[in-house]
Amino acid sequence: MRKLSALRSEISEWEQLLSDSDSAFDLIGLALEENDDSLFDTLVAEVDKLLGKLKDLEFQLVLSGAHDKRNAIIALHSGAGGVESQDWVQMLLRMYLRWAEHRNLRSEILHTSVGDEAGIKNVVLEVSGPHAYGYLKAEKGVHRLVRISPFDADHARHTSFALVEVMPEAEEGVDVEVDSDDLKIEVFKAGGAGGQSVQKNSTAVRITHMPTGIKVSCQNERSQHQNKAIAMRILMSRLMQLEEEERAKKMAQLKGAHIPAEWGNQIRSYVLHPYRMVKDHRTGHETSDADAVLDGGIDDFISSYLTSTVGDQKQA
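So the number in this note's numbering is just where the residue sits in the sequence shown, counting from 1, plus 11.
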C-alpha cells in the first residue's frame with residue numbers, strides 16, 4: 012500500500028505539470044491571438060515555474076534505484092591520524108545533520124563511539140524521509156580533509172581521512188532473513204559521556220552475525236531493549252548491503268571496473284589551507300565556498316554525481 016501510494020503521488024505530480032503546461036499554452040495562444048503583451052511578465056514567470064518543476068521531476072527519475080526511496084543509515088569511521096581524523100568525523104556528522112535539516116528530513120544518531128581526546132571514532136546516523144537513501148548514496152566513499160590542525164602546537168598542515176558508508180534501511184523478514192541461532196548477543200556497560208547512571212547497568216548491546224562476522228554495537232539508549240532493537244536495524248542494513256555488494260561484484264565481472272567505497276578510493280577533498288576548495292574527484296565538481304559545504308550545502312555535489320551515473324543505471 013505504501014508503494015501504491017508513492018506511485019500515485021508521483022503520477023499525480025506529472026499529471027499536474029501536464030495540466031499546468033496546457034493551461035500556459037492556452038494562455039500564450041490567447042495572448043498571441045489578441046496581440047496582448049500585458050500578459051508577458053506573467054507568462055515568463057509561469058514558464059520559469061514550469062521549467063523548474065520539470066527539472067525537479069526529471070531529477071527524481073535519477074532516484075529510481077531499487078532502494079532509493081528508503082531511509083538511509085550512514086556510518087562514519089575515522090581513519091589513521093588519531094584525534095585529527097576523529098575531529099574530521101565530527102565535522103562530517105555535523106555536515107550531514109545540517110543537510111538533513113535543510114531538506115526537512117528527520118535525523119537520529121543511533122550509535123556513537125567518542126574519541127579518547129576529542130572528536131568521534133565512529134558514528135551511525137539514520138536519515139528518514141523521501142528518497143533519503145537515493146540522495147545520500149552519492150556520499151559513499153572516503154572523504155579527505157586538508158587543514159591547519161587545531162590540535163598541533165606547531166600549527167602544521169594535516170591531512171585526515173574518514174570513510175562514509177551509506178546503506179538503505181532494511182525491512183526485517185522482507186529484505187533479509189536472519190536465523191536467531193546465527194546471532195551472538197552480548198551486553199556490557201556503556202562507556203563515554205553520560206554520568207554514573209550510564210555505567211551502572213549493562214545496557215549496551217553488541218550483536219555478531221556468526222556466518223559473516225559482522226559486528227554491530229549500540230549504547231546510545233538507556234534501555235538494553237532499545238539498544239538491541241537499534242543494533243538489529245543496523246545489522247539488517249549491513250547484511251542487505253553485503254548482498255548488494257556480492258551482486259555488484261558479479262556485475263563488475265561483466266561490466267568492467269568497479270570502485271568500492273574503501274580506503275584509498277577518496278571521492279572528495281575538502282581543502283581549508285593554503286586555499287579553500289571542495290572538489291569531487293568523480294565528477295570534477297568543485298567550489299571555493301568550503302564553509303557552506305561543511306554547513307550542509309552538498310546538494311550540488313549530490314546532484315552532479317547522481318546525474319553522472321544515469322548511464323550506468325540504464326546499463327545495469
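Glycine included, each C-beta is placed from N, C-alpha and C at the ideal position. Remember, predicted model here, so these are calculated numbers, not experimental data.
Of the residues the options, the one placed nearest residue i, counting alpha carbons only
i: H292; options: Q277, D98, A301, H236; result: Q277
i: H88; options: V189, I313, S171, I309; result: S171
i: R244; options: M102, P222, R217, M221; result: R217
i: R310; options: K260, Y107, A173; result: According to the sequence as given, residue 310 is Asp; it is not Arg. Among K260, Y107, A173, the Cα nearest to that of D310 is on Y107.
i: S20; options: K80, L43, D186, A56; result: K80
i: Y124; options: Y144, M102, N115, Q97; result: It should be pointed out that residue 124 corresponds to Ser in this sequence rather than to Tyr. The residue with the shortest Cα to Cα distance from S124 is Q97.
i: Y316; options: K195, V73, D163; result: V73
i: D302; options: L103, M251, A111; result: L103
Rounded Cβ spacing between residue i and residue j (contact assumed at less than 8 Å)
i: K64; j: L28; result: 6 Å
i: H284; j: R105; result: Not really, about 19 Å apart at Cβ, beyond 8 Å.
CA-to-CA distance, residue j to residue i, given in whole angstroms
i: N212; j: F199; result: 8 Å
i: K117; j: G130; result: Strictly speaking, residue 117 in this sequence is Arg, with Lys absent from that position. One C-alpha to the other measures close to 23 Å.
i: F312; j: D192; result: 43 Å
i: V135; j: T223; result: 20 Å
i: V304; j: G140; result: 21 Å
i: V189; j: D31; result: 49 Å
i: G295; j: Y286; result: 17 Å
i: H269; j: K261; result: Residue placement at H269 is poorly supported in this model, since its pLDDT is 46, which falls under 50; the coordinates are not used for a value here.
i: V209; j: E137; result: Bear in mind that a pLDDT of 46 at V209, under 50, signals an unreliable position, so the model cannot answer this.
Sheet register partners of residue i (DSSP bridge)
i: L87; result: V134, V175
i: T123; result: V134
i: T318; result: Looking at the DSSP assignment, T318 forms no beta bridge with any residue, so it has no partner.
i: E297; result: K290
i: G40; result: Looking at the DSSP assignment, G40 forms no beta bridge with any residue, so it has no partner.
i: Y281; result: L156, V289
i: K195; result: T219
i: K226; result: T219
Outcome for residue i when other beta-carbon atoms lying within 10 angstroms are tallied against a minimum of 16
i: K328; result: Residue numbering for the chain in the displayed model covers 12 to 327; residue 328 lies beyond these limits and cannot be assessed.
i: Q207; result: The pLDDT assigned to Q207 is 42, lower than 50, so where the model puts this residue is not dependable; a value taken from the coordinates is nonetheless given after this. With fewer than 16 other Cβ atoms within 10 Å, it is exposed.
i: G205; result: In this prediction, G205 has a pLDDT of 43, which is less than 50 and means its spatial position is unreliable; what the coordinates show is noted afterwards. It counts as exposed.
i: W25; result: exposed
i: N231; result: buried
i: K148; result: buried
i: V227; result: buried
i: T299; result: With the sequence shown as reference, residue 299 is identified as Ser, and Thr is not the correct amino acid for it. S299 should be labelled exposed.
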